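Student: So that we are looking at the same thing, I have put the structure below in structure tokens.
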Amino acid sequence: MKGNIHSIETFGAVDGPGIRYVIFTQGCLLRCQYCHNADTWEIGRGREISVDEIMDDLLDYLPFLQASKGGITVSGGEPLLQVPFLIELFKKCKEQGIHTTLDSSGGCFIEAKSFLEKVDELMEYTDLVLLDLKHIDNEKHQQLTGRPNRAPLAFAKYLDEKRIPVWVRHVLVPTINDDTPSLERLASFIQSLRNVEKVEVLPYHRMGIYKWEALGLSYPLTGVETPTEDQVARAERILGVEWYEVNGSTRV
């Protein structure tokens with residue numbers, strides 16, 4: 132079994148607990164206006180790497196992962212476009228006692244029996260999902276990502292039903308998704324889920340613009356500034372970040 136891989140980061144520190152071995156898969160259906168990995172969009176590209184190759188490399192870092200209570204995180208792109216690959220990879224990781232994390236927007240999630248059966252199997256080997264919720268308003272989500280938010284919200288509800296531990300992540304983009312009504316609606320949705328352990332507000336940044344330029348793409352958020360500390364703190368208050376730090380892990 133091989134996956135289409137964009138890149139691998141061996142000492143990740145922001146994509147789940149502890150030190151992470153982070154795999155960035157190739158391919159995504161969304162076209163987020165602030166994406167800092169636009170070079171991962173095209174499906175079927177990237178380097179084909181087998182599960183065995185990844186495991187051979189991963190095991191070299193196992194002492195560091197174990198000492199930090201870390202593990203492996205598969206991000207993207209969108210990992211759910213390669214579910215069979217993820218199943219085999221996470222299954223082998225669990226055989227080695229490695230903590231597994233899936234980083235997904237749920238943008239390709241569909242409630243079709245054939246897909247759900249595969250995702251059900253994947254969840255048997257998944258310890259944590261980092262769920263990126265980009266905008267609670269459907270129309271604005273479509274403007275921001277090119278697709279409606281039905282799939283991400285359905286994926287969130289699916290994970291809740293399965294009681295898979297989730298860390299919700301929200302990239303805060305001034306003038307795009309930082310208004311009070313949108314944040315309050317998002318907070319209400321998150322509070323309806325019983326499996327959320329943590330909520331993170333990730334400040335929008337402009338570090339990926341050079342990739343858009345290299346790909347010959349016009350960056351759509353030119354002129355949008357990164358949020359101030361006060362703007363981030365306000366969003367954190369509305370979304371209940373501090374509350375989840377204290378109470379989140381007791382809700383699963």
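Per our numbering, the sequence shown starts with residue 132, numbered consecutively.
Beta carbons are placed, not taken as given, at the ideal position from N, Cα and C, and that holds for glycine.
Computed from a predicted model, the values in this text were never measured in an experiment.
1) What are the start and end residues of the alpha helix (DSSP H) that includes Leu-317?
2) Mind checking which residues open and close the alpha helix (DSSP H) that includes Thr-276?
3) Which whole-angstrom value describes the C-beta separation of Ile-136 and Ile-180, a residue pair presumed to lie in contact below a C-beta threshold of 8 Å?
4) Can you name, in chain order, every residue of its own chain whose Cβ lies under 8 Å from the Cβ of Asp-146, other than the five neighbours on each side?
5) On the DSSP bridge assignment, give the partners of Asp-263 in chain order.
6) Tell me the rounded alpha-carbon separation between Glu-270 and Val-302.
7) Excluding the 5 residues preceding and the 5 following Trp-343 in the sequence, name in chain order all residues of the same chain whose CB lies nearer than 8 Å to its CB.
8) Counting along the chain, where does the alpha helix (DSSP H) carrying Tyr-152 start and finish?
9) How many Å lie between Arg-162 and Pro-210 at the Cα?
10) Take the Cβ of Gln-274 as the centre, count every other Cβ of all protein chains shown within 10 Å, and call the residue buried at 16 or more, exposed below.
11) Could you tell me the boundaries of the alpha helix (DSSP H) in which Phe-195 lies?
12) So, does the stretch 173 to 188 touch the stretch 249 to 263, judging by three or more C-beta pairs under 8 Å?
13) Give me the Cβ distance between Ile-267 and Leu-317, rounded to the nearest whole Å; I'm assuming they're in contact under 8 Å.
14) Work out the CA separation of Thr-257 and Lys-119 for me, nearest whole Å.
15) Helix, strand or coil for Ile-185? Go by DSSP, reduced to three states.
16) Assign Ser-93 to buried or exposed, taking buried as 16 or more other Cβ atoms, counted over all protein chains shown, within 10 Å of its Cβ.
17) Return the Cβ separation of Ala-332 and Leu-370 in integer angstroms, given the expectation that the two are a contact with Cβ distance under 8 Å.
18) Using C-beta distances below 7 Å, list every residue in its chain close to Val-214, excluding the 5 sequence neighbours before and after it, in chain order.
Tutor: Quick answer:
1) Indexing the sequence shown from 1 puts residue 317 at position 186. Where Leu-317 is concerned, the enclosing alpha helix (DSSP H) stretches over 311 to 322.
2) Position 145 of the sequence shown, counted from the start, is the residue given in the question as residue 276. Note, Thr-276: alpha helix (DSSP H), 269 to 276.
3) Numbered from its first residue, the sequence shown carries residue 136 at position 5. Numbered from its first residue, the sequence shown carries residue 180 at position 49. That belief holds up - the Cβ atoms of Ile-136 and Ile-180 are roughly 5 Å apart, short of 8 Å.
4) Taking the first residue of the sequence shown as position 1, residue 146 is located at position 15. Cβ neighbours of Asp-146 beyond the five flanking positions: Val-153, Thr-204, Ser-206, Thr-232, Asp-234, Leu-261.
5) In the sequence shown, residue 263 corresponds to position 132, counting from 1. Bridge partners of Asp-263: Arg-300.
6) The residue labelled residue 270 in the question sits at position 139 within the sequence shown. The residue labelled residue 302 in the question sits at position 171 within the sequence shown. Looking at the two C-alpha atoms, the distance is approximately 17 Å.
7) Walking along the sequence shown from the start, residue 343 turns up at place 212. If we look at Trp-343 and ignore the five residues flanking it on each side, its Cβ neighbours are Ala-169, Ser-349, Tyr-350.
8) On the sequence shown, residue 152 is found 21 positions in, with the first residue counted as 1. Here Tyr-152 belongs to no alpha helix (DSSP H); instead the beta strand (DSSP E) covers 151 to 156.
9) If you number the sequence shown from 1, residue 162 lands on position 31. If you number the sequence shown from 1, residue 210 lands on position 79. Distance between the alpha carbons of Arg-162 and Pro-210: 15 Å.
10) Here the question's residue 274 lines up with position 143 in the sequence shown. Under this definition Gln-274 is an exposed residue.
11) By one-based count along the sequence shown, residue 195 stands at place 64. First-last of the alpha helix (DSSP H) with Phe-195: 193 to 198.
12) no
13) Mapped onto the sequence shown, residue 267 falls at position 136. Mapped onto the sequence shown, residue 317 falls at position 186. The pair is a contact, with the Cβ atoms about 4 Å apart (cut-off 8 Å).
14) With the chain covering only 132 through 383, there is no way to say anything about residue 119.
15) Against the sequence shown, residue 185 aligns to sequence position 54. It is helical.
16) Within the shown structure, residues of the chain are numbered from 132 to 383, placing residue 93 beyond reach of any answer.
17) Position 201 of the sequence shown, counting from 1, holds the residue named residue 332. Position 239 of the sequence shown, counting from 1, holds the residue named residue 370. Correcting the residue identity first, residue 332 is Val in this sequence and not Ala. Rounded, the Cβ-Cβ distance is 6 Å, consistent with contact.
18) For the purposes of this step, residue 214 is taken as the residue at position 83 of the sequence shown. Closer than 7 Å at Cβ, skipping near neighbours: Lys-249, Val-250, Leu-253.
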